[in-house]
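Participant: Provided herewith is a single structure, encoded as structure tokens, for subsequent inquiry.
There are 6 protein chains.
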Amino acid sequence: MGRFPREFMDVVEGIKSMRIRGAARIARAAVAALRDVGNSYEGSDVAGFINYIKEASKLLVATRPTAVSLPNGLRFVLNKLLTDYSLGVDSVGELRDRLVRYCDEFINISREAADKIAVFGARRIEDGDILLTHCNSSVAIGVIKRAFDEGKSIKVFVTETRPRFQGRLTAEALSSHGVETILIVDSAARYYMNDIDKVIVGADAIAANGAVVNKIGTSLIALAAHEARTSFMVAAETYKFSPDTLFGKLIKIEERSYEEIVSRDWLNKYPNINVKNPAFDVTPPEYIDLIITELGVVSPSMFPILIMERYGAIYSELEPWE
Amino acid sequence: MGRFPREFMDVVEGIKSMRIRGAARIARAAVAALRDVGNSYEGSDVAGFINYIKEASKLLVATRPTAVSLPNGLRFVLNKLLTDYSLGVDSVGELRDRLVRYCDEFINISREAADKIAVFGARRIEDGDILLTHCNSSVAIGVIKRAFDEGKSIKVFVTETRPRFQGRLTAEALSSHGVETILIVDSAARYYMNDIDKVIVGADAIAANGAVVNKIGTSLIALAAHEARTSFMVAAETYKFSPDTLFGKLIKIEERSYEEIVSRDWLNKYPNINVKNPAFDVTPPEYIDLIITELGVVSPSMFPILIMERYGAIYSELEPWE
Amino acid sequence: MGRFPREFMDVVEGIKSMRIRGAARIARAAVAALRDVGNSYEGSDVAGFINYIKEASKLLVATRPTAVSLPNGLRFVLNKLLTDYSLGVDSVGELRDRLVRYCDEFINISREAADKIAVFGARRIEDGDILLTHCNSSVAIGVIKRAFDEGKSIKVFVTETRPRFQGRLTAEALSSHGVETILIVDSAARYYMNDIDKVIVGADAIAANGAVVNKIGTSLIALAAHEARTSFMVAAETYKFSPDTLFGKLIKIEERSYEEIVSRDWLNKYPNINVKNPAFDVTPPEYIDLIITELGVVSPSMFPILIMERYGAIYSELEPWE
Amino acid sequence: MGRFPREFMDVVEGIKSMRIRGAARIARAAVAALRDVGNSYEGSDVAGFINYIKEASKLLVATRPTAVSLPNGLRFVLNKLLTDYSLGVDSVGELRDRLVRYCDEFINISREAADKIAVFGARRIEDGDILLTHCNSSVAIGVIKRAFDEGKSIKVFVTETRPRFQGRLTAEALSSHGVETILIVDSAARYYMNDIDKVIVGADAIAANGAVVNKIGTSLIALAAHEARTSFMVAAETYKFSPDTLFGKLIKIEERSYEEIVSRDWLNKYPNINVKNPAFDVTPPEYIDLIITELGVVSPSMFPILIMERYGAIYSELEPWE
Amino acid sequence: MGRFPREFMDVVEGIKSMRIRGAARIARAAVAALRDVGNSYEGSDVAGFINYIKEASKLLVATRPTAVSLPNGLRFVLNKLLTDYSLGVDSVGELRDRLVRYCDEFINISREAADKIAVFGARRIEDGDILLTHCNSSVAIGVIKRAFDEGKSIKVFVTETRPRFQGRLTAEALSSHGVETILIVDSAARYYMNDIDKVIVGADAIAANGAVVNKIGTSLIALAAHEARTSFMVAAETYKFSPDTLFGKLIKIEERSYEEIVSRDWLNKYPNINVKNPAFDVTPPEYIDLIITELGVVSPSMFPILIMERYGAIYSELEPWE
Amino acid sequence: MGRFPREFMDVVEGIKSMRIRGAARIARAAVAALRDVGNSYEGSDVAGFINYIKEASKLLVATRPTAVSLPNGLRFVLNKLLTDYSLGVDSVGELRDRLVRYCDEFINISREAADKIAVFGARRIEDGDILLTHCNSSVAIGVIKRAFDEGKSIKVFVTETRPRFQGRLTAEALSSHGVETILIVDSAARYYMNDIDKVIVGADAIAANGAVVNKIGTSLIALAAHEARTSFMVAAETYKFSPDTLFGKLIKIEERSYEEIVSRDWLNKYPNINVKNPAFDVTPPEYIDLIITELGVVSPSMFPILIMERYGAIYSELEPWE
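Residue numbers (my numbering), protein chains in the order written: chain A, 11 to 332; chain B, 11 to 332; chain C, 11 to 332; chain D, 11 to 332; chain E, 11 to 332; chain F, 11 to 332.
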């Protein structure tokens, strides 16, 4: 696959290594990368161009098996592009222009989605609320910042989020925005839960029954919130929906390297120790009070309906890059 | 307080800094330190000796506010010693000898307690069981090792236990013993809970209603075990009982330094970030199936009865070192 | 606002003071008042007429912040009227006639809705059932009366419903209809819950996630019903849906005067006593088995779908009277 | 009713006596019988033919009051046929041909539905899974067989399913297919539940709120699965939906003969003994994780939406055979 | 029964009519009345005196069937007196003196019990806590006042407690003591529960399994507290134990006059209305975190053990006044 | 083992084959058999006699591994006999007489225990109650009969209790006593649970944490009762306590022959079918409201305390027949 420019491969690497983090940012980064790689295509063979775009898409899709937003972003672009192609658009130049336009369109929708979610979510936060968030979700942070900007006095517990400590980034972002932030270890979530009014997290993927796939530990926090009658809210763009789950497919939970948890040297010393590092877990719909989307606030079981309502049709089982 | 020898102050420091870890080890270390510091007492004034012992005890008690085993060990020794003294034993030599004897007696009881708990606890583990343990409890590890030594094929999930990673020590101990061990981050407990047959943890203190104070995160794991109908067992010597709770006192949860979680430099950069580091949490009795003690296996609400049954009387509100 | 006739202001007062009670009755009274106030408009300036209607609507909307049926009724009428106006209908006479027609249309729909709900709800009641109802919901009473009229032998527990004792009105209505009725204090709901087969209540508003806002105490009864596996049913016209909640807005819970609970004289004697009098509470969807609407019987999470299915579109964020 | 041929009455009897078992098979058998009885109609009076078909349908509908698939199959056929008739098709020959075609169409849809469900459901089964099924559902068996055929190593607990021991048939079918099967009494379901990864059952009918009517004992198993966080899945064609429940009607639970449980002789000896033999029970939606349909995998509360989404309209209250 | 002096009958009436309220006050009032009525006995026949005391006791016992403290107080006194009598004490003068002494002894124990409970209970209340109490329990109020006197900043929600509004008395008592108090209707308990840290109530009787009989509505509040992980504490002297429950007897729930709820005139108008007015309900042990007694803080299931531990023996089935 | 008379071996066989059923009957039958076999001992060697008794006891103990009452009965007798022997009683004649006396004593205690339990348990049953019982427990039946004899109008659901249909025996016994009885399949328990006021069952063994081992299916019924807030009561003599569980031993669940479920011929036809037939399951203490014993009514966690309270000491780990 040496045929792609270094800039493109850098993005691929950046997503793989989690240097680029957050479902929305990943989706936009991938779509932007596809746009740029397509834009710099220099051949004149239409079929070759289409192939090139499909290959690039496949590479991007392979970086993070659980990040649904990424393939959904690519589906958005490719479905349109391939329709145009099948309807007879046959110059590389024209297709390249359209590719750029569709990619920009998706990036805009994605950016505006975050704003809308911030508006809707901030309305659920009341003056004096104590919140908790886990990991580093840009949409969840957006909701919190917006509530703060509206003059609400709030306080936010942030879990450090092992193994990669993304919670520290969240604490940094909130603190820099002026929000009073308390950093705790993940295990302390239940200890403080009775003082917490609302939990708000992001999502990596949402399944057909409204279950939410998010950073490992989310389901434990949701369970503790449910136990304490603390409201548990998920902020998620509608493109977090995993269409495969409608056809029974299980969302693959990415298993990441043990080196995020212990050093190679340490592990080598202990032949009977194995390290397991699932990056995500699944929060069942009964522990989720609301999902805040750019189209409105819904209960988890209603989430897939929203997709159908607004997009008119369910994604097909056949992927556009196949 | 410069009057105590360096060896004694080393133990005090070792307990404070968590170099000496595990409730049973702490209790034995403290009692051994009291024995040694008393044994090396060179004065001949009886009242001075008693005072010296009380002062040393106070220093030890102050090291770890939540570690009930430590004051219970000292109560065991001092109650006997002070009774002797009040009954007329009045030579420093004789009292010194008795102190040594009582200290050794407690240390033996404590060591045997761990063995008994291992025997009783191992009976609850069946061939093929998948276990989970949290933090680094010597009694819980004892139960697991014993079950393994009895030829049962077992597999143990161990949580790394932030912020101090004591779970790594547990993994090392089990691995060295030959037990198949899987290390995970604390947040992954619910992800694997459905595959786990039994959870076994230690205890730092047990309250009058059977609630268990243990390493932060324990109550989250217990909650997840309860949700999945996974048996949750606590291995604890009866001297883990907190007599104060009988009189309404709340068990003080030790708040440890933020530097266990983030660096001073990092924190200084963010004026709106606070770090909270509670060392323990409280698992309510309804999430605990059994407490395995050296006197037998009981339900949590029966635990305080056991104390009364066997020790004849409840500890008084007045402490012997006061 | 002295510009409106006394009859109109009487209705405004009647709704504010809770002389006019019950969500359906309030909606119909408000729409009828709008019809009458519009019908008696004597000016000839179209813009003035529209303004007059908007002002009257605002006054009506302001009477009861939680009563969603009232603004939904006005939305029904105004959306049509303003569409006509924007499409060019520009004589006061014609607009006045249309206003009257649209108002009557809503009143009819509302009345028929109650009948349909009675038919559907009565089918869920079986011979020999013991029911419980809270407060004074005309639709819930309609269901019970219909079941009785169908010859089913039933018995109904009615809570007195502090602070305003609307339960007594319910008891009077059922008793006068021949239904065997048992009046209890609100606190006795759990005491009798094990003997009760079905709970049926009305709703003041229904949120986007299927949560039901109803008279204070409803959520306690729902909780007790859930605990005892007693079916909990809500009878509600679809116009009880609160469209704002789709956009994240919280339903404002009306806080009513302390004088409904204690006298001014008593309260003045006690400087450290505050009285809180929220008129409603929120029953979460997981405690509600069914919502019986005029369009059919649905689960709470399906309720907002029903709106979309049948009305074609979600209400917009911009109100017609703004 | 002596007017129908013996072959037809044999099918009627076969369904009534439970010789023909399984909701899908019943529906197909009934539709096939209707086809054959219609096809052999020899008169030339169109109204007579229509009447004949309606009468035959009524007889078939009356065989099993809880089996929704049967009337749904007939609704599928009759709605089309009666539309044709009302649109002016008026020769017996033509109507007969269309009847045959519509019946075959339904039979094909039903057969393919089972295949689709097998594909979707098998994706939810993972290598190494231990399953449990109750009674004898052809769709549930289809899912299991498909997962086995895909090379997944699975093991299936099968309850014997009193009183008629249909679980033995399931065990026979799975065993003959090569699947490792463990037969247990119904009462042993909770004993083994902690070792079971997923429960999969069929459905006789699904109500408007997503509740599932299935063989007596299903709801107990669902409750035990919920208690143990074991996934509970229902495999059901969309035509298992009971449209009546949308209008408040309760699904009638068939009460079958006591002789399925004890002998007449035994019962005659004991005047104070009554035998109750309900054939089905109702599993509430909160105990069901997923419903696997031929259109996709949904949460129970979404099930009725699916019907509306795909069939465009809800069934009317008036039955085509009335 | 005209043989008893007016002062005695006044106390009997005062307890019956609930002018004398609160389990502790009732017990002390009854025992004081027995002391006074015995002290004023003027005959010289010993058997007559004993009979007179038994008759007086029976009258007192009959006033409030659920108030266990009252018979327990009388048992305390009579068991001692009758033992003396059976051991040969046979002068009226001597028995009279002993009666007075035993009665005073009980009254002192009861008063001191309240103080101890206040001390133990106040330790469970933390600075900043928001509390809720129901009805008018002098021990619960004692705990709250003590916590306030210790300088803790607290706020207390008080339910008005229909039908007799005893909550107003509680609010008056707390307010007069300087405690910030919020009065609400009983139905608002769940509305505020998420903001409440601890619920504390008294008890009228405690059963053998730790279930607590208290003012109607208590079990609903306990249920709501359990749902929200809010601590639920009962303050109760050990003599609230109902010994009969050990032998299977159910605690009789007093049914009080309908006139506490509605007027006679109102009720007469409605032939089909019945009013039910149970004075108490039963809170199951699983909703109670702690019982605070004068002997210490225990879990509910341990309560009967405490009795046995300290009193040495269980009360017999035969009552001393029989 | 041909050394024991045929009458003795008949009892051994009778217990093994479940011809002799019911924990109390088994215990009495075993003790009576020991008495008779000892009484007919004709040798004169004391050590031989003791050995003979131990051997006979071992045979009896081996018949039913889960039936705790049986070894408890033998422990009662042997502990006394062996104490006598160790204290010097050394004639076969004298020991034989004492054996007979101790055996009769146990049999009497056991018989009276059932009566006491009937008295205490009947008090928990109220006029109009609808009960449910599972399997064929003589103590549970005793409670029901007693309540009926006291004139209470009751109705009893009885599960048939697969695989051996012991529920039919219960139905026969209740019906013959005049009690209105409804026989259902085990799977119908949840279907009727909402109409049932109280469940009462017996116990085969009770563990140290109050868990109850009883006929397979009991825990499912307890779960369904818990779900519906239906009271779940266990009637059990104190000698049902399993002392081994105090020392961590798991109660062995007897696995009985597959032929109780299917025929050998049928099973031989299906190579991939296995049949599992556990005779008992374990009901956790949280689903049990009360245990009714001959010493009183207690909560499950209090059960082991009762043993210690009354018998003074816990059974030792070493069995008397070893």
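All C-beta atoms in this analysis are idealised placements derived from N, C-alpha and C, irrespective of residue type, glycine included. Just so you know, these numbers come straight off a predicted model, no measurement behind them.
(1) Using only the alpha-carbon positions, how far apart do B:I235 and F:S197 sit?
(2) Let me know if D:L97 comes out buried or exposed under the rule of 16 or more other beta-carbons within 10 Å of its beta-carbon.
(3) Can you tell me whether A:K126 is buried or exposed, with buried defined as 16 or more other CB within 10 angstroms of its CB?
(4) In the DSSP output, what is D:P288 paired with across the bridge?
(5) Anything in chain C within Cβ reach of D:K259, meaning under 8 Å, just list it in chain order.
(6) Per DSSP, what are the beta-bridge partners of F:L300 in this structure?
(7) Exposed or buried, which one is D:T350 when buried takes at least 16 other CB atoms within 10 Å?
(8) Which residues in the same chain as E:R38 place their Cβ atom closer than 6 Å to its Cβ, once the five residues preceding and following it in sequence are excluded?
(9) Determine, using beta carbons only, whether B:L141 comes closer than 8 Å to chain A.
(10) Hey, which unbroken runs of the alpha helix (DSSP H) at 4 residues or more fall wholly within the region 18 to 56 of chain C?
(11) Quick one: does F:L316 have its CB under 8 Å from some CB of chain B?
(12) For D:M11 and D:V22, I'd like the C-alpha separation in whole angstroms.
(13) If distances are taken between C-alpha atoms only, which option among A:G48, A:N49 and A:D20 comes closest to A:I36?
(14) Between the alpha carbons of B:I30 and B:A199, how many angstroms are there, rounded?
(15) Counting only C-beta atoms, is C:K155 closer than 8 Å to chain E at any point?
(16) From E:C349 to D:R134, what does the alpha carbon distance come to, in whole angstroms?
(17) Would you identify the three-state DSSP class for C:K250, choosing helix, strand or coil?
(18) Comparing alpha-carbon positions, which option in B:A238, B:T248 and B:L230 lies nearest B:G220?
(19) Compare the beta carbon distance of B:G258 and E:F130 with 8 Å and say whether it is the shorter of the two.
(20) To which residues of the same chain is B:A34 closer than 7 Å at the C-beta, ignoring the five residues directly before and after it?
(21) Determine, using beta carbons only, whether F:S185 and D:Y280 come nearer to each other than 8 Å.
(22) With a floor of 4 residues, list each alpha helix (DSSP H) that falls wholly inside the region 148 to 234 of chain D, ordered by position along the chain.
(23) Can you list the residues of chain E that F:G306 reaches, using a CB-CB cut of under 7 Å?
(24) Considering just the uninterrupted stretch of the alpha helix (DSSP H) at E:L5, what are its terminal residues?
(25) Tell me where the alpha helix (DSSP H) around E:V99 begins and ends.
(26) What is the residue span of the alpha helix (DSSP H) that D:L277 lies within?
(27) For C:N49, does the count of other Cβ atoms within 10 angstroms reach 16, so buried, or fall short, so exposed?
(28) Which chain D residues sit within Cβ distance under 7 Å of B:E237?
(29) Note down the Cα distance separating A:T143 from A:F313, rounded to an integer number of angstroms.
Facilitator: Based on what the coordinates show:
(1) For the purposes of this step, residue 235 of chain B is identified with residue 225 of the second sequence, where counting begins at 1. For the purposes of this step, residue 197 of chain F is identified with residue 187 of the sixth sequence, where counting begins at 1. The question names Ile, but residue 235 of chain B in the sequence shown is Ala. Approximately 27 Å between the Cα atoms of the pair.
(2) Here the question's residue 97 of chain D lines up with position 87 in the fourth sequence. An exposed status is given to D:L97, since fewer than 16 other beta-carbon atoms sit within 10 Å of its beta-carbon.
(3) On the first sequence, position 116 is the one that residue 126 of chain A refers to. Result: buried.
(4) By one-based count along the fourth sequence, residue 288 of chain D stands at place 278. Answer is D:E265.
(5) Counting from 1 along the fourth sequence, the entry for residue 259 of chain D is found at position 249. Scanning chain C for C-beta atoms nearer than 8 Å to the C-beta of D:K259 yields R133, reported in chain order.
(6) The residue you call residue 300 of chain F lines up with position 290 of the sixth sequence. Under the DSSP definition of a beta bridge, F:L300 partners with F:M243.
(7) In the structure displayed, chain D extends from 11 to 332; residue 350 of chain D sits before or after that span and is not available.
(8) Translated into the one-based positions of the fifth sequence, residue 38 of chain E becomes position 28. Residues of the same chain with a CB within less than 6 Å of the CB of E:R38, apart from the 5 flanking positions on each side, are I117 and S120 in chain order.
(9) Working through the second sequence from its first residue, we reach residue 141 of chain B at position 131. For B:L141, not one C-beta of chain A is nearer than 8 Å to its own C-beta.
(10) Every alpha helix (DSSP H) of 4 residues or more that sits fully in the region 18 to 56 of chain C is shown, in chain order, as 33 to 49.
(11) Looking up residue 316 of chain F in the sixth sequence gives position 306. Not one chain B Cβ lies under 8 Å of F:L316.
(12) Position 1 of the fourth sequence, counted from the start, is the residue given in the question as residue 11 of chain D. Position 12 of the fourth sequence, counted from the start, is the residue given in the question as residue 22 of chain D. Low confidence applies here, because D:M11 scores a pLDDT of 40, under 50, leaving its location unreliable and the question unanswered by this model.
(13) Locating residue 36 of chain A in the first sequence gives position 26, counting from the first residue. Here the closest residue by C-alpha is A:D20.
(14) By one-based count along the second sequence, residue 30 of chain B stands at place 20. By one-based count along the second sequence, residue 199 of chain B stands at place 189. So the alpha carbons of these two residues sit roughly 26 Å apart.
(15) Position 145 of the third sequence, counted from the first residue, corresponds to residue 155 of chain C. Taking 8 Å as the CB threshold, C:K155 stays off the interface with chain E.
(16) Given that chain E is displayed from residue 11 to residue 332, the structure contains no residue 349 of chain E and the question cannot be resolved.
(17) Translated into the one-based positions of the third sequence, residue 250 of chain C becomes position 240. If DSSP states are grouped into helix, strand and coil, C:K250 belongs with the helices.
(18) Position 210 of the second sequence, counted from the start, is the residue given in the question as residue 220 of chain B. For B:G220, the closest of B:A238, B:T248 and B:L230 by C-alpha to C-alpha distance is B:T248.
(19) The count along the second sequence starts at 1 and reaches residue 258 of chain B at position 248. The count along the fifth sequence starts at 1 and reaches residue 130 of chain E at position 120. Yes, Cβ-Cβ distance for B:G258 and E:F130 is below 8 Å.
(20) Working through the second sequence from its first residue, we reach residue 34 of chain B at position 24. Cβ neighbours of B:A34 beyond the five flanking positions: S79, S120, A124, S148, V149 and E247.
(21) As a working note, residue 185 of chain F is residue 175 in the sixth sequence. As a working note, residue 280 of chain D is residue 270 in the fourth sequence. Remark: C-beta atoms of F:S185 and D:Y280 approach each other more closely than 8 Å.
(22) Uninterrupted alpha helix (DSSP H) stretches at least 4 residues long and entirely within the region 148 to 234 of chain D occur at 148 to 159, 176 to 186 and 199 to 203, given in chain order.
(23) One-based indexing of the sixth sequence puts residue 306 of chain F at position 296. Think of a sphere of 7 Å around the beta carbon of F:G306: the chain E residues whose beta carbon falls inside it are A218, L256 and F257, in chain order.
(24) Only positions 11 to 332 of chain E appear in the structure, and residue 5 of chain E is not among them; the question remains open.
(25) In the fifth sequence, the residue the question calls residue 99 of chain E occupies position 89. From DSSP, E:V99 is part of no alpha helix (DSSP H); its letter is neither H nor E.
(26) The count along the fourth sequence starts at 1 and reaches residue 277 of chain D at position 267. R274 to K279 is the extent of the alpha helix (DSSP H) around D:L277.
(27) The residue labelled residue 49 of chain C in the question sits at position 39 within the third sequence. Around the CB of C:N49, fewer than 16 other CB atoms lie within 10 Å, so the residue is classed as exposed.
(28) Numbered from its first residue, the second sequence carries residue 237 of chain B at position 227. Under the 7 Å cutoff, chain D gives R239.
(29) Position 133 of the first sequence, counted from the first residue, corresponds to residue 143 of chain A. Position 303 of the first sequence, counted from the first residue, corresponds to residue 313 of chain A. Separation of A:T143 and A:F313 (C-alpha to C-alpha, rounded to the nearest whole angstrom) is 21 Å.
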